[in-house]
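Chemist: One structure is given below, represented as structure tokens, and several questions about it will come after.
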Amino acid sequence: MKLSVKKIIEICNGDLYCGADTVICSNYVKDTRILNIGDTYIGFKGDNFNGNHFYVDAFNKGANCVIIEKKYFKVENNFSYDKPIILVKDSLKAIRDIAIYIRNNSKASFVGVTGSVGKTSTRDMIYSVLKEEFKTLKTDSNANNQIGLPLTLMRLNDEQVGVIEMGMNHLGEIEYLSNIAKPHIGVITNIGTAHIGELGSRENILKAKLEIKNGMPSDGKLVINNDNDLLHEYYLKNNRNIITIGIDNDSDFLATDIEAYPNYSIFNIKYLEKKYPIYCPIPGKAFIYNSLIAFAVAYLFNIPTEKIILGIKNFELTKNRMEIIDLKNKIKLINGVYNASVDSMKSSLEVLKNQEGMRKIAVLGSMLELGEFANKLHEEVGEAVVNNNIDVLITVGPLANSISSKAISLGMPKQNVHILNNNVEAIDLLKNIIEPNDTILFKASNGLNFKEILDCLISYINNI
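Numbering-wise (numbering that gives the first Met the number 0), the sequence shown opens with residue 0 and increments by one.
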């Protein structure tokens, strides 16, 4: 949606320092490194930098306008002030107001996606299906916070549908995002333990995720995973305008006749006594749930079932999220380096177990932001390692020691468990022990930078 500088000033109660108020803004960026000619630059103050100080750089790279906070604006000598500079009190509030204006003046329908695990893959699966019928906008990358979500809505042009991801660390954040996006359909993938160190209990996590309803209309539909214990309990007490999906519990959209293969799954989705055959190109139970959610959302949009089935079949996984990489000597790497929680660890180990190959090796790192629950939850992962018959376990980082110790206590041979301190040790070990036909899973919180291990191993195998 194209807005004039004059309109932006009106929306966010800003002041025009210089330039013409007739300039049109339509593409907004917060990073001068990715700015293209004609973009509008918005400055934000971060923990380690202040983007408000880079407005001259933005103009030099071709920005047509900048929006920066008045308190940080400083006139630079020897610079020509011939383009619009909009001064605002608070950049976060400014983009919130602009996003709400764009949202309220759009005819598009919106789907909001939240949950402890699987937000991005579920968002992408929904998008893959909806775009079979509609011109569709979706959240890019992991832009699911108080900056990323408004900037996503500010990209809205002539799309008919938007799939908007919503993340959080604390109570109140999903409510903030939902009141901007105002989704017609809300999705909660599950209630797990991500950020439990901040929220204190899974019950509080449920409370936080349910905030998605606060921005929805009274007749909006909430799609939930009915196999999740807390969501199931909530549904039994509050079933109005709720659509359920599941595998184990009887649900509106139920997966049946599941056949799991190393690289894909085949199953039926049962709805209103009819069965629809589904081919999901990504293995694992988690993606069966994603398919169910996408099917349910698309059904609510009245998309023909043949297009829904095609959209699931054509789904493409985001990089670093359980991507399976085939290398020489029949070595496979499973790339789960983006992030980790107990639920995603367990799901990833299940995928590893079902892979073909001689040895299944799990390289697991610490899960962060778990607070006082860290030890117990890492031990749960250790139990899952044993239950999935993993051949070799490599753990990296002090918190991950609990994974190793639990696995050993449950009978995993000590000689098959390697407890390491850092990524360099993991790289050196893997180079020494890797064999043809090995399948290796890499999974850890993003802060451990497991991509470093993955990239080094790919390079090493390619040069063997």
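Ideal placement from N, C-alpha and C gives every residue a C-beta, glycine not left out.
As the structure is a computational prediction, the values presented were derived from the model and not from experiment.
1) Do residue 39 and residue 24 have their CB atoms nearer than 8 angstroms?
2) Please state whether the Cβ-Cβ distance between residue 121 and residue 138 is less than 8 angstroms.
3) I'd like the list of long-range same chain contacts for residue 336, defined as Cβ closer than 6 angstroms, with 5 residues on each side in sequence excluded.
4) Figure out for me which residue from 375, 459 and 163 has the closest Cα to the Cα of residue 119.
5) Under three-state DSSP, which class holds residue 328?
6) Taking all protein chains shown into account, decide if residue 216 is buried (16 or more other Cβ within 10 angstroms of its Cβ) or exposed.
7) Kindly confirm or deny that the segment 356 to 364 and the segment 168 to 184 touch, where touching means at least three C-beta pairs closer than 8 angstroms.
8) For a test of the three-state rule: what should DSSP assign to residue 276, helix, strand or coil?
9) Taking the Cβ atom as the reference point for each residue, do residue 219 and residue 368 lie within a distance shorter than 8 angstroms?
10) Using a Cβ distance threshold of 8 angstroms, determine whether the segment 297 to 316 contacts the segment 339 to 352, with at least three qualifying pairs required.
11) Under 8 angstroms by Cβ, that's how I've got residue 393 and residue 419 pegged, so tell me the actual separation to the nearest angstrom.
12) Output the boundary residues of the alpha helix (DSSP H) element that contains residue 96.
13) Going by CA-CA distance only, name the one from 210, 240, 245 and 239 that's closest to residue 227.
14) Any idea which residues DSSP pairs residue 417 with across the strands?
15) Helix, strand or coil for residue 335? Go by DSSP, reduced to three states.
16) From the DSSP secondary-structure annotation, give me the bridge partner or partners of residue 108.
17) Which two residues bound the contiguous alpha helix (DSSP H) that contains residue 381?
18) Give the straight-line distance between the Cα atoms of residue 6 and residue 12, rounded to the nearest whole angstrom.
19) Going by C-alpha to C-alpha distance, which of 19, 169 and 416 sits closest to residue 209?
20) By DSSP's criteria, residue 3 is part of a beta bridge. Which residues make up the other side?
21) What are the boundary residues of the alpha helix (DSSP H) that residue 147 is part of?
22) Taking contact to mean 3 or more Cβ pairs, one atom from each stretch, closer than 8 angstroms, check whether the segment 67 to 75 and the segment 44 to 55 are in contact.
23) I'd like the list of long-range same chain contacts for residue 327, defined as Cβ closer than 8 angstroms, with 5 residues on each side in sequence excluded.
24) Quick check: the segment 269 to 289 against the segment 98 to 105, are at least 3 beta-carbon pairs closer than 8 angstroms?
25) Checking 8 angstroms against the spacing of the C-beta atoms, do residue 44 and residue 146 come in under that value?
26) Does the beta carbon of residue 226 come closer than 8 angstroms to any beta carbon on chain B?
27) Take the Cβ of residue 80 as the centre, count every other Cβ of all protein chains shown within 10 Å, and call the residue buried at 16 or more, exposed below.
28) Which same chain residues end up closer than 6 angstroms to residue 411 when comparing Cβ atoms and leaving out the 5 residues on each side of it in sequence?
29) For residue 309 versus residue 131, is the C-beta spacing smaller than 8 angstroms?
30) Can you give me the C-alpha to C-alpha distance between residue 307 and residue 427, rounded to a whole angstrom?
31) Give me the Cα-Cα distance between residue 123 and residue 445, rounded to the nearest whole angstrom.
32) Take the Cβ of residue 423 as the centre, count every other Cβ of all protein chains shown within 10 Å, and call the residue buried at 16 or more, exposed below.
33) Can you list, in chain order, the residues of its chain whose CB lies under 6 angstroms from that of residue 302, leaving out five sequence neighbours each side?
34) Need the endpoints of the beta strand (DSSP E) that residue 264 sits in, please.
35) Given this structure, state the Cα-to-Cα distance separating residue 2 from residue 158, to the nearest angstrom.
Modeler: In short:
1) Their beta carbons are under 8 angstroms apart, which means residue 39 touches residue 24 by this criterion.
2) For residue 121 and residue 138, no; Cβs fall outside 8 angstroms.
3) Excluding five sequence positions before and after residue 336, the CB atoms of its chain that fall closer than 6 angstroms to its own CB belong to 319, 441, 449, 450 and 453, given in chain order.
4) The residue with the shortest Cα to Cα distance from residue 119 is 163.
5) Reduced to three states, the DSSP call for residue 328 is helix.
6) Residue 216 is exposed by the Cβ-count criterion.
7) The answer is no - the segment 168 to 184 does not touch the segment 356 to 364, with fewer than three Cβ pairs under 8 angstroms.
8) In the structure shown, residue 276 adopts extended strand secondary structure according to DSSP, grouped into three states.
9) No; because the gap between Cβ atoms is not below 8 angstroms, this pair is not in contact.
10) Here the segment 297 to 316 does not lie against the segment 339 to 352, with fewer than 3 beta-carbon pairs under 8 angstroms apart.
11) The Cβ separation is near 6 angstroms, so the contact holds.
12) Residue 96 -> alpha helix (DSSP H) spans 90 to 103.
13) Selected option, being the one with the closest Cα: 245.
14) Under DSSP, the beta-bridge partners assigned to residue 417 are 393.
15) For residue 335, the secondary structure class from DSSP, reduced to helix, strand or coil, is strand.
16) BP columns for residue 108 point to 160.
17) Element bounds for residue 381: 373 to 386.
18) When rounded, the distance between both Cα atoms is 10 angstroms.
19) Residue 169 is the option with its Cα nearest to residue 209.
20) In the DSSP output, where bridge partners are listed per residue, residue 3 has 23.
21) For residue 147, the uninterrupted alpha helix (DSSP H) segment begins and ends at 147 to 152.
22) Touching, yes.
23) Sequence-distant Cβ neighbours of residue 327 in its own chain, meaning closer than 8 angstroms and more than five residues away, are 460, 461 and 463.
24) Touching, no.
25) No. Outside cutoff.
26) No chain B is part of this structure, which consists of one protein chain only.
27) So residue 80 ends up on the exposed side.
28) Excluding positions up to five away in sequence, the list reads 385.
29) Contact: yes.
30) One Cα belongs to residue 307, the other to residue 427, and the distance between them is close to 46 angstroms.
31) Computed Cα separation, rounded: 20 angstroms.
32) Under this definition residue 423 is an exposed residue.
33) Closer than 6 angstroms at Cβ, skipping near neighbours: 132.
34) Unbroken beta strand (DSSP E) run through residue 264: 264 to 270.
35) Looking at the two C-alpha atoms, the distance is approximately 17 angstroms.
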